[in-house]
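Q:
If you want it as structure tokens, here you go:
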């Protein structure tokens, strides 16, 4: 089975991007969120915000097979 990146449905603050990345890499989502904030601050904030919005739009939601 291939490992896929999805938006998190259980660990979400805004859209589930950081939670999904944390689940994919088996890391604590708080570490992902802190890294995202620090990277955004060091790049004047705007590129980090744009990257988050793009990731929220591109990363799919997990579909349950019914």
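Residue numbers (our numbering): 7 to 72. Beta carbons: idealized from backbone N, C-alpha and C, even for Gly.
1. How big is the Cα-Cα spacing for residue 15 and residue 67?
2. Could you have a look at residue 20 and say whether DSSP puts it in helix, strand or coil?
3. I'd like to confirm the pairing. Which residues does DSSP put opposite residue 13 in its beta bridges?
4. Using the C-alpha atoms, what's the distance from residue 69 back to residue 50?
5. Let me check understanding here. Comparing Cα to Cα, which of 9, 13, 24 and 17 lies closest to residue 55?
A: Quick answer:
1. Going from the Cα of residue 15 to the Cα of residue 67 covers about 8 Å.
2. In the structure shown, residue 20 sits in coil (DSSP, three-state: anything other than H, G, I, E or B).
3. Bridge partners of residue 13 according to DSSP: 67.
4. Rounded to whole angstroms, residue 50 to residue 69 spans 35 Å at the Cα level.
5. For residue 55, the closest alpha carbon among the candidates 9, 13, 24 and 17 is that of 24.
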